[in-house]
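Working notes, beginning with the structure itself.
Protein chains: 2
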Amino acid sequence: MTSTPIADLWPTLPGGADARPEAAYRLLQAAVESFAERGFHATTTRDIATGAGMSPAALYIHYPSKAALLAEISRAGHAATLELVRAAVAGEADPVTRMRRLVEEFTAWHARARTVGRVVNYELHALPEDAYAVVAALRLDIEREVSDLIEAGAATGDFEVAEVRIAARAVTSLGIDVSRWYTGRSSETPEELGRRYAELVLRMLGARV
Amino acid sequence: MTSTPIADLWPTLPGGADARPEAAYRLLQAAVESFAERGFHATTTRDIATGAGMSPAALYIHYPSKAALLAEISRAGHAATLELVRAAVAGEADPVTRMRRLVEEFTAWHARARTVGRVVNYELHALPEDAYAVVAALRLDIEREVSDLIEAGAATGDFEVAEVRIAARAVTSLGIDVSRWYTGRSSETPEELGRRYAELVLRMLGARV
Numbered sequence: 053m054t055s056t057p058i059a060d061l062w063p064t065l066p067g068g069a070d071a072r073p074e075a076a077y078r079l080l081q082a083a084v085e086s087f088a089e090r091g092f093h094a095t096t097t098r099d100i101a102t103g104a105g106m107s108p109a110a111l112y113i114h115y116p117s118k119a120a121l122l123a124e125i126s127r128a129g130h131a132a133t134l135e136l137v138r139a140a141v142a143g144e145a146d147p148v149t150r151m152r153r154l155v156e157e158f159t160a161w162h163a164r165a166r167t168v169g170r171v172v173n174y175e176l177h178a179l180p181e182d183a184y185a186v187v188a189a190l191r192l193d194i195e196r197e198v199s200d201l202i203e204a205g206a207a208t209g210d211f212e213v214a215e216v217r218i219a220a221r222a223v224t225s226l227g228i229d230v231s232r233w234y235t236g237r238s239s240e241t242p243e244e245l246g247r248r249y250a251e252l253v254l255r256m257l258g259a260r261v
Numbered sequence: 053m054t055s056t057p058i059a060d061l062w063p064t065l066p067g068g069a070d071a072r073p074e075a076a077y078r079l080l081q082a083a084v085e086s087f088a089e090r091g092f093h094a095t096t097t098r099d100i101a102t103g104a105g106m107s108p109a110a111l112y113i114h115y116p117s118k119a120a121l122l123a124e125i126s127r128a129g130h131a132a133t134l135e136l137v138r139a140a141v142a143g144e145a146d147p148v149t150r151m152r153r154l155v156e157e158f159t160a161w162h163a164r165a166r167t168v169g170r171v172v173n174y175e176l177h178a179l180p181e182d183a184y185a186v187v188a189a190l191r192l193d194i195e196r197e198v199s200d201l202i203e204a205g206a207a208t209g210d211f212e213v214a215e216v217r218i219a220a221r222a223v224t225s226l227g228i229d230v231s232r233w234y235t236g237r238s239s240e241t242p243e244e245l246g247r248r249y250a251e252l253v254l255r256m257l258g259a260r261v
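If you read the protein sequences in the order shown, they are chains B and R.
No gaps in the numbering here: position 130 of the first sequence is 182 in this note's numbering, and each next residue is one more.
No gaps in the numbering here: position 100 of the second sequence is 152 in this note's numbering, and each next residue is one more.
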């Protein structure tokens, strides 16, 4: 496993990190940085290849186009987030404990992985149709996990929520927007911010904490 | 006053809407659409001029560059939001009533003006330094209005908040992110969403509503 940030953020790339040639990681990393800085449309395959220290021809060995790179970044980013959400909500703990864990980890991920987070959330419109369908399905799964947990908490009387769908949207939205505003100069560490946000969300859901 | 969406969204352009030639509105409108769709860096002045039904030369009569257009959009968008926030928090009403009004209007604005909202919030890094300074000052004023209101509510015992700064950040963040996910196919009107979000925010702030 390489020690690039991409590998750290996405230990779950298909086949496991070890299955990926290091060059592919360098390309993903360079693509994330270019897309985040200049946007997808203003980035060329040459920009990405140069950022990864390769020739454009070498890029094409790994990915057929910059759209394929965006698709892979977006899919892997969403898959990692879904996995994080599923791990957080799993287990026998009560809904309050599981929601706290979910918000802490979802928030901290979007602070730590803010550059990836921006690309993954703000360049959706640039995805080819088939890649968009994959990502849309992953997003729906994430929203469903959050909604299901809110409903579980409402059923046990831990939460009191007027509209589950809107509350679930607010929970994910708060976390996602962290990627927009969080910087290395922010006062809280990603983990501290996660703990603060978990308190705010639990109140929002009517939990008596 | 023209009836373009830009004029509707920003009735407060400097000198009032009537002071602006209609061509400048068409350019602002075309720039917002191009920046939102393709990003600032991939948009050319020719794209904007064409979108406004003009020649590039005609564009330069009004704005010296595409950066000047972005600066004007960003400044005016932030100024309009600050004005909306100030109007909402003003008056003699109790902090709960003022916060409810603020969240309702801030949320509804970001749903209605979502295309402008995306440009204003996601293209900050592309602003020239002097334009960025103007916008940063406006953002600070917006955050301060929200923080001051939370502090006022904490002082009267209407709110109970562990960290005012983080709570204020969460309140603005929830509203801003609406521009990312809201579409014309969303189930709620901008006003309905504003009312739902106001309920969630008031709970988050520990108001007994």
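Where is the CB? At the ideal position from N, CA and C, for every residue including glycine.
Owing to the predicted nature of the structure, the values given are computational and were not obtained by experimental measurement.
The Cβ-Cβ distance between L252 (chain R) and M256 (chain B) falls below 9 angstroms. Between T224 (chain R) and I194 (chain R) the beta-carbon gap is near 7 angstroms, inside 8 angstroms, which marks them as a contact. Of all alpha-carbon atoms in B:A139, B:V148, B:A120, the one lying nearest the alpha-carbon of A204 (chain B) is that of B:V148.
By the neighbour-count criterion, in which a residue is buried when 16 or more other Cβ atoms sit within 10 angstroms of its Cβ, E74 (chain B) is exposed.
Each residue's CA atom was taken as its position, placing Y184 (chain R) and V172 (chain R) some 11 angstroms apart. Residues of the segment 221-232 of chain R whose Cβ lies closer than 8 angstroms to any Cβ of chain B, in chain order: R221, A222, S225, L226, I228, D229, V230, R232. With distances taken between CA atoms, A188 (chain B) lies nearest to B:R127 out of B:E244, B:D99, B:R127.
By the Cβ criterion, the segment 98-117 of chain B is not in contact with the segment 159-167 of chain B, since fewer than three pairs of Cβ atoms, one from each stretch, lie closer than 8 angstroms. Residues are counted here when their Cβ sits less than 8 angstroms from a Cβ of chain B; for the segment 179-209 of chain R the count is zero.
Where R152 (chain R) is concerned, the enclosing alpha helix (DSSP H) starts and stops at 147-164. Per DSSP, M106 (chain B) is not a residue of any alpha helix (DSSP H), being assigned neither H nor E.
The beta carbons of L80 (chain B) and L121 (chain B) sit about 7 angstroms from each other, so the pair counts as a contact at 8 angstroms.
Here D229 (chain R) is buried, its C-beta having at least 16 other C-beta atoms within 10 Å. Assigned with DSSP and collapsed to three states, P180 (chain R) falls in coil, not helix or strand.
The C-beta distance from A250 (chain B) to E144 (chain B) rounds to 19 angstroms, too long to fall under 8 angstroms, and the pair is not in contact. Assignment of T208 (chain R) by DSSP, reduced to helix, strand and coil, places it in the helix class. Straight across, the Cα-Cα distance linking G169 (chain B) with A132 (chain B) is about 11 angstroms. Where P116 (chain B) is concerned, there is no enclosing alpha helix (DSSP H), because DSSP gives it neither an H nor an E. Residue range 74-90 is occupied by the alpha helix (DSSP H) that includes A82 (chain B). Contact between the segment 85-99 of chain R and the segment 90-99 of chain B is present: 3 or more CB-CB pairs across the two stretches fall below 8 angstroms.
Of the residues B:P116, B:R138, B:E85, the one whose Cα lies closest to the Cα of D200 (chain B) is B:R138. With a threshold of 9 angstroms between beta carbons, H93 (chain R) makes contact with chain B. W233 (chain B) sits close to R221 (chain R), with the two beta carbons spaced by under 9 angstroms. Per the coordinates, the alpha-carbon of L111 (chain B) lies some 38 angstroms from the alpha-carbon of D182 (chain R). By the rule that beta-carbons nearer than 9 angstroms mark a contact, A219 (chain R) touches chain B. Contact annotation, V213 (chain R) with A207 (chain R): C-beta distance approximately 11 angstroms; criterion of less than 8 angstroms not satisfied. The straight-line gap separating the alpha-carbon atoms of A119 (chain R) and A76 (chain R) is approximately 15 angstroms.
From the beta-carbon of G258 (chain B), the residues of chain R found nearer than 7 angstroms are R255.
One finds nothing in chain B with a Cβ atom closer than 9 angstroms to the Cβ of A250 (chain R); even the nearest lies about 11 angstroms away.
Spanning the alpha carbons of L254 (chain B) and R196 (chain B) requires a straight line of approximately 18 angstroms.
Taking a C-beta cut-off of 9 angstroms against chain R, none of the residues of the segment 135-162 of chain B qualify.
The DSSP-derived three-state label of T96 (chain B) is coil.
If you draw a 10 Å sphere on the C-beta of R153 (chain B), you find 16 or more other C-beta atoms in it, and that means buried. Across the structure, R78 (chain B) and T241 (chain B) are spaced so that their CA atoms are roughly 27 angstroms apart.
Close to chain B, meaning a Cβ-Cβ distance shorter than 7 angstroms, is no residue of the segment 71-86 of chain R at all.
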